[in-house]
Amino acid sequence: MHRASSPRRTAFCRTALRCTALALALSATACGASGGPAHGKPPALVEGKVVPVEVRDDDFSASLFSILRDGEPSQQRSGLLVGVVRRQLAHAATRFDSGHSERALRSVLGAMYLIRSGEGRAEMIDDAGARALASAIAQVSQRGDEGRAAAFLEMRAAALPAGTPGRAEVDASLAAIDRWMKETRTGGPMAKLGAEQRALVSRALVDTRPESVNRAAAAIAAWIDGAIQFNIDFRQSGERPERDEALEAEQALESGGAMLAALYLRNGDARGAVDSIERTGARRVIPPGLFDRLKAAASSVKDPEPWQSIAGAFSRYSDDGSGDEEESARPDESGLGHDLLDGALWGASLEAFRREPQSLQSAALLSRSLIRLGMSEAAPLVMGQALGKEPSLQSLGGTMGIILHAMSSDAEVDDLSAVRRTYAAAAPILALADKAGRGGPIVSRTRFLMASVELRSGNLSAALPLLQVATKAEPTVNALALVAMAERQSGNPQKALSTLRLALAAPDAAESLDDVAEAHLLAFDLQRETGDTASAKTSLDAALAATLAARQRARGAGAMARAERLLGRVLDGYGDARGAARAHERALALASQERPILGATMLDAVGRALVRGDLTSARAALQQGLEENAENDDLVYGGLWVTLLERQQRVPTDGTAERALSGAKSGSWTGRLAAWATGKLSDQDLGTAAQSAAQRVEAQFYTSMARRVAGDPNAAEGLRAVSRSPVIDLLEVHLARELLAPRVKADLPRNVKLP
Numbered sequence: 002m003h004r005a006s007s008p009r010r011t012a013f014c015r016t017a018l019r020c021t022a023l024a025l026a027l028s029a030t031a032c033g034a035s036g037g038p039a040h041g042k043p044p045a046l047v048e049g050k051v052v053p054v055e056v057r058d059d060d061f062s063a064s065l066f067s068i069l070r071d072g073e074p075s076q077q078r079s080g081l082l083v084g085v086v087r088r089q090l091a092h093a094a095t096r097f098d099s100g101h102s103e104r105a106l107r108s109v110l111g112a113m114y115l116i117r118s119g120e121g122r123a124e125m126i127d128d129a130g131a132r133a134l135a136s137a138i139a140q141v142s143q144r145g146d147e148g149r150a151a152a153f154l155e156m157r158a159a160a161l162p163a164g165t166p167g168r169a170e171v172d173a174s175l176a177a178i179d180r181w182m183k184e185t186r187t188g189g190p191m192a193k194l195g196a197e198q199r200a201l202v203s204r205a206l207v208d209t210r211p212e213s214v215n216r217a218a219a220a221i222a223a224w225i226d227g228a229i230q231f232n233i234d235f236r237q238s239g240e241r242p243e244r245d246e247a248l249e250a251e252q253a254l255e256s257g258g259a260m261l262a263a264l265y266l267r268n269g270d271a272r273g274a275v276d277s278i279e280r281t282g283a284r285r286v287i288p289p290g291l292f293d294r295l296k297a298a299a300s301s302v303k304d305p306e307p308w309q310s311i312a313g314a315f316s317r318y319s320d321d322g323s324g325d326e327e328e329s330a331r332p333d334e335s336g337l338g339h340d341l342l343d344g345a346l347w348g349a350s351l352e353a354f355r356r357e358p359q360s361l362q363s364a365a366l367l368s369r370s371l372i373r374l375g376m377s378e379a380a381p382l383v384m385g386q387a388l389g390k391e392p393s394l395q396s397l398g399g400t401m402g403i404i405l406h407a408m409s410s411d412a413e414v415d416d417l418s419a420v421r422r423t424y425a426a427a428a429p430i431l432a433l434a435d436k437a438g439r440g441g442p443i444v445s446r447t448r449f450l451m452a453s454v455e456l457r458s459g460n461l462s463a464a465l466p467l468l469q470v471a472t473k474a475e476p477t478v479n480a481l482a483l484v485a486m487a488e489r490q491s492g493n494p495q496k497a498l499s500t501l502r503l504a505l506a507a508p509d510a511a512e513s514l515d516d517v518a519e520a521h522l523l524a525f526d527l528q529r530e531t532g533d534t535a536s537a538k539t540s541l542d543a544a545l546a547a548t549l550a551a552r553q554r555a556r557g558a559g560a561m562a563r564a565e566r567l568l569g570r571v572l573d574g575y576g577d578a579r580g581a582a583r584a585h586e587r588a589l590a591l592a593s594q595e596r597p598i599l600g601a602t603m604l605d606a607v608g609r610a611l612v613r614g615d616l617t618s619a620r621a622a623l624q625q626g627l628e629e630n631a632e633n634d635d636l637v638y639g640g641l642w643v644t645l646l647e648r649q650q651r652v653p654t655d656g657t658a659e660r661a662l663s664g665a666k667s668g669s670w671t672g673r674l675a676a677w678a679t680g681k682l683s684d685q686d687l688g689t690a691a692q693s694a695a696q697r698v699e700a701q702f703y704t705s706m707a708r709r710v711a712g713d714p715n716a717a718e719g720l721r722a723v724s725r726s727p728v729i730d731l732l733e734v735h736l737a738r739e740l741l742a743p744r745v746k747a748d749l750p751r752n753v754k755l756p
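If you want my numbering, it's the position in the sequence shown, counting the first as 1, plus 1.
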């Protein structure tokens, strides 16, 4: 069951930087990038007025692809680049608003990485872009990243007339950062050199004017020189150095040369990297293989191989491209720092692609960078350029894997619009796979993912055709049951029952016993709702048999917990409340061994208790979730349900629900739900705060439940509307159906041995 998403996420100068949540704008000088193509000559400046192109969401994939494919300066390209940067920053602003700050910050960086020397213009930042930059400043400031915070602030300052209130506040923030940097540059000489180069390199990744890049390069060189001298002094004196100083020197000697190369590679400037390395101490510490590749890239205008080699080397240290993981949680094996590594990988991949767009290797490298930087929508077009009209099965499978990953990256943060844009851009490749008749399971899974996105947004009319095509190519019990669920919510229960019969005859039915049990339970739900009591009893008996078989076969805590949860649902169908409660207790005990399933298992138990009016069981399950550190969002929903039960039974709280609700993050959707539960938000305010289809259904469920427990006879209509919602996989939809469902008297089969 789907849960409406909310965010799951070393501060400095917080007070000084709060003022930067103003509208931001970008000056032409502040966003220009240094460097240039491999031969080292920066692209010529475009003279005259540039007319910005309005890039809509429907145009974004194609417009971004045009910018990526051709880097030659022109009036037309400059206008299109302005529009693409604007739209990308608007996407970043939306991601910040939805609480996915890591993905949003990556999207801001993606917009900045599109800009090369001489291309930055004030028109690139409109109101949405200003909001994105304001949020980005807050994000990097919380991490102590003074380099990028100062760069973003200077972008704002350059666009504001001197003497205006906004300019004064930004200037004050810049002064505060400057003071903070001076006050915190403590420790030995190597520590100070290291802190200085890290700040300037971070800044140069977004403020890539020649002077900014030169300052960062000089700081890296000084850091390397300091480490070389540190090593000489140690050998001569023999005195044991301070540990922090020794570690800093070791890092400079091991990574300094590669860092200097990466600084220039972020802009595709191999010649600049070679020249800088040759005239500094970096020449003594640069890995020979990397330096040879840089020289090859610098000496060749058209050959993609050196760039592919450089990008491939850096890609081995990058993550999977999703960009959703916290930086602190992702190990940095390169020694460069995550942001510099990603910048170098981006620059090298783009240069490789521009030199040979028909190369699948180049296209794959660039596509992974696009996904990581929040620009997944262009990945299908990049891959399609290289795929050709008659691709091999291996090439087609690899391409579809990248497209599926691109869609999944945005689906995971509930950016449904981005998933749609990527899927639309992939249409020619899907058609090619269908025509060739060799798309395989990955094509079906791509359509399943798109269907799930449409289901999440309540768009059944778009989801059903996708599901039907996908299940025709890859019929499974689970997939066909999902089709049946969609048909049920579309108001066609008989069609749903027919599809369930197909599901139970699917090729994987003998192995997927838990899915078979789910299908039988869905048939039971449909039959009891239509008054077919005899068939409902037959389906429930079949669900019990499949569940017991799945339980006996299950291995591992996850599979065993799922079987117990299924058994609890089946026993509730028979009216065996005690047996169902014991099954859920066993499931919770198993889930404590496998934390990823803990939240869902806890919510199953609390939700079941809400339907049955069992406050004791609900509190016990929620308490276990608290003790086992379930995810905050899951705890909030569990706290909501316990609160509703307490109100229904008119008993004082024991504090369990309050503890669960207290973990909600302010400003998130679960934060608003918690505020509503504690009386800080009205029913109307909660409805207004709901932005997505899933959130609107949740708001209606909770406000209807509040009226129900207060004794309002009209509350059932609200719950009935929720039960018919097209957002079929939402927990609240399932709970509403259970609360309204007719009870079926069904005795347990004879000779069935229950645990």
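All C-beta atoms, glycine included, are put in the ideal place defined by N, C-alpha and C.
Who are the Cβ neighbours of residue i in its own chain at under 6 Å, not counting the five residues just before and after it?
i	result
TRP308	ALA298, ALA349, GLU352, ALA353
ALA582	SER618
VAL207	MET113, ARG149, ALA152
GLN649	VAL710
ILE287	GLY258, ILE278
ALA716	SER705, ARG708, ARG709
Does DSSP put residue i in a helix, in a strand, or in coil?
i	result
LEU503	helix
LEU731	strand
VAL302	coil
TYR424	helix
GLU565	helix
ALA260	The sequence as given places Met at residue 260; Ala does not occur at that position. If DSSP states are grouped into helix, strand and coil, MET260 belongs with the helices.
ARG369	helix
LEU175	helix
SER350	helix
THR400	helix
GLY531	Reading off the sequence shown, one finds Thr at residue 531, where the question assumed Gly. In this structure, THR531 counts as coil in the three-state DSSP scheme.
ILE116	coil
LYS296	helix
SER536	helix
PRO381	helix
ILE229	helix
PRO307	helix
GLU55	coil
GLU326	For GLU326, the predicted structure reports a pLDDT of 44, less than 50, and the residue's modelled location is therefore unreliable. A value from the coordinates is still provided. GLU326 falls in the coil class under three-state DSSP.
Thinking just about the alpha-carbon of each residue, which of the options is nearest to the one in residue i?
i	options	result
ARG186	PHE231, GLY569, ARG199	ARG199
PRO190	ARG168, ALA220, THR165, ALA177	ALA220
ARG78	ARG88, GLN89, LEU65	LEU65
ARG96	LEU611, GLU251, ASP415	ASP415
SER99	ASP411, LEU599, SER669, ALA622	SER669
VAL54	ARG651, TYR575, ALA139, VAL85	VAL85
ARG1	GLU628, GLY614, GLY580	This structure cannot speak to residue 1, because the chain is shown only from 2 to 756.
GLU475	ASP730, ASP509, ALA555, ALA314	ASP509
ARG355	ALA485, LYS303, ALA314	LYS303
VAL484	SER108, ALA135, ASP730	ASP730
ALA94	ILE116, ASP127, LEU115	ASP127
GLU357	GLY344, SER203, HIS339, GLN386	GLN386
LEU388	ASP542, GLU306, ILE430, ALA675	ILE430
SER396	ALA497, MET384, ARG70	MET384
Tell me which same chain residues have a C-beta within less than 7 Å of the C-beta of residue i, skipping the five on either side of it?
i	result
GLY378	Sequence check: residue 378 is Glu here, not Gly. Result list for GLU378: PHE61, SER62, LEU65, ALA419, ARG422, THR423, ALA426, in chain order.
LYS754	none
LEU194	ALA223, TRP224, GLY227
ARG620	VAL643, ASP655, THR657
Short of 8 Å in beta carbon distance, which residues of its chain neighbour residue i, apart from the five on each side in sequence? Order them along the chain.
i	result
ASP325	Because the pLDDT of ASP325 is 47, which lies under 50, any placement of that residue in the model is unreliable, and the number read from its coordinates should be weighed accordingly. The answer, listed in chain order, is HIS101, GLU103, ARG104, SER410, GLU413, VAL414.
Measuring only from the beta carbon, is residue i closer than 7 Å to any heavy atom that is part of the ligand COA?
i	result
LEU623	Here there are no bound small molecules, and the ligand COA is not part of this structure.
Any beta carbon of chain B sitting closer than 8 Å to that of residue i?
i	result
GLU155	The chain inventory of the structure shown lacks chain B, comprising one protein chain alone.
Point to revise | Length-filtered (4 minimum) alpha helix (DSSP H) runs lying within the stretch 586-649 | key: Inside the stretch 586-649, DSSP marks whole alpha helix (DSSP H) runs of 4 or more residues at positions 599-613, 616-628, from first to last along the chain.
Check your understanding: With a cut-off of 8 Å, do at least 3 Cβ pairs link the stretch 266-283 to the stretch 356-368?
Key -> Taking 8 Å as the limit for Cβ pairs, the verdict is that the stretch 356-368 does not touch the stretch 266-283.
**Study point:** the stretch 83-95 contacting the stretch 389-409, beta-carbon criterion three pairs below 8 Å
**Key:** Taking a cut-off of 8 Å for Cβ pairs, the stretch 83-95 and the stretch 389-409 do not touch, as fewer than three such pairs fall below it.
Practice item. Specify whether the stretch 526-542 and the stretch 560-570 touch according to this definition: at least 3 beta carbon pairs, one from each stretch, less than 8 Å apart. Key: Touching, no, given that fewer than three Cβ pairs across the two stretches are closer than 8 Å.
Check your understanding: Which full runs of the alpha helix (DSSP H) of 4+ residues lie inside the stretch 447-505, going along the chain?
Key -> The alpha helix (DSSP H) runs lying completely inside the stretch 447-505 and spanning 4 residues or more are 461-474, 478-490, 494-505, given in chain order.
Check your understanding: Are the stretch 497-509 and the stretch 714-729 in contact at 8 Å, needing three or more beta carbon pairs?
Key -> Taking a contact to require three or more Cβ pairs closer than 8 Å, the stretch 497-509 and the stretch 714-729 do not qualify as touching.
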